[in-house]
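A.B. asks: By the count of this note's numbering, the sequence shown reaches residue 421 at its end, each step adding exactly one.
Think of the CB as a built atom: it goes at the ideal place given N, C-alpha and C, for glycine as much as any other residue.
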Amino acid sequence: MITRRDAVKLTTIGAAGAAVSRTATAYTLPKLPYAYDALEPYIDAQTMQIHHDKHHQAYVDNLNKALAGDPALSQTSVEDLLRRLDSLPAALRTAVRNQGGGHANHSLLWQTLTPASKSGKASGQLARAIDQTFGSQQKFEDALKSTALGVFGSGWAWLSLDAENRLVLGALPNQDSPLSAGHRPLLGIDVWEHAYYLKYQNRRADYLAAIPHIIHWDYVSSRYEELVR
Ligand code: MN3
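#1: For Asp-382, verify whether its CB is less than 8 Å away from any heavy atom of ligand 1.
#2: Taking a contact to mean a Cβ-Cβ separation below 9 Å, would you say Leu-378 touches Ser-352 in this structure?
#3: What residue does the beta strand (DSSP E) around Gly-380 start on, and which one ends it?
#4: For ligand 1, is there any heavy atom lying closer than 8 Å to the beta carbon of Ala-340?
#5: Could you name the residues of the same chain whose beta carbon sits closer than 8 Å to that of Ile-322, not counting the 5 residues immediately before and after it, in chain order?
#6: Please go through the segment 332 to 405 and give each complete beta strand (DSSP E) segment of 3 or more residues, from N-terminal end onward.
#7: Hey, would you say Gly-294 sits closer than 9 Å to Ala-250, going by beta carbons?
#8: Among all the DSSP beta bridges, which residues are the ones paired with Leu-305?
#9: What's the gap between the Cα of Asn-357 and the Cα of Ala-363?
#10: Are the beta-carbon atoms belonging to Leu-318 and Gly-380 less than 9 Å from one another?
#11: Would the segment 254 to 269 count as touching the segment 407 to 416 if we require 3 or more Cβ pairs under 8 Å?
#12: Is Gly-151 buried or exposed, if buried means 16 or more other CB atoms sit within 10 Å of its CB?
#13: If we count Cβ pairs, one from each stretch, closer than 8 Å, do we get three or more for the segment 241 to 250 versus the segment 395 to 404?
#14: Would you grab the beta carbon distance between Arg-289 and Asp-368 for me? Rounded to a whole angstrom, and I think it's under 8 Å.
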């Protein structure tokens with residue numbers, strides 16, 4: 193649901209010399225759902241352009257490269273690959289974890305951000321679950337920020353649903369996906385330096401103070417209702 197894979201027609205020459213068409217899939221970079229400068233002044237246009245067009249594209253390209261020799265796996269959604277990470281061939285596991293994780297994490301990230309004028313607040317069932325779990329939306333935002341501030345090196349802070357549909361907040365290193373731990377991610381904060389360094393340099397706390405202004409709460413609230421249904 194959060195990533196699109198476009199069918200690519202591959203034409204190969206069959207044993208009899210006839211052209212045989214088969215359909216394979218390749219992972220593709222989803223379009224950014226808003227302009228590069230839409231999150232200004234909280235995230236600058238240049239950071240968005242490099243983050244989406246270069247960093248996310250590289251995860252997609254490297255995932256395609258890694259799975260090129262395995263047609264069955266390369267037709268599996270990246271979310272399914274991450275859910276079954278432990279059962280994948282050892283030679284592919286690291287690439288799926290890092291490149292597949294990078295692809296899935298960023299595909300969700302773009303959806304969960306929005307211009308400040310549309311950010312809003314958690315609503316409906318999610319608002320109630322946040323109040324029950326964290327005390328209030330403000331307390332949740334404070335906990336999210338301190339979780340993200342505490343990530344050592346590169347990684348993400350995640351709000352996810354566990355197997356019992358409970359909200360859980362935690363940090364994961366690198367591009368590790370909550371899916372690989374049996375959780376379903378609702379919202380992730382990217383604290384790799386590439387997400388903020390051009391504007392905020394070493395001031396990760398300032399970047400994290402900006403994030404609550406641009407969370408797309410309508411999207412996150414609907415996603416929650418879909419996942420707990
Ligand atoms: Mn990133």
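C.D. replies: Here's the rundown:
#1: yes
#2: yes
#3: 376 to 382
#4: no
#5: Ala-314, Ser-328, Gln-329, Phe-332, Leu-359
#6: 347 to 353, 359 to 365, 376 to 382
#7: yes
#8: Ile-407
#9: 18 Å
#10: no
#11: no
#12: This structure cannot speak to residue 151, because the chain is shown only from 193 to 421.
#13: no
#14: 7 Å
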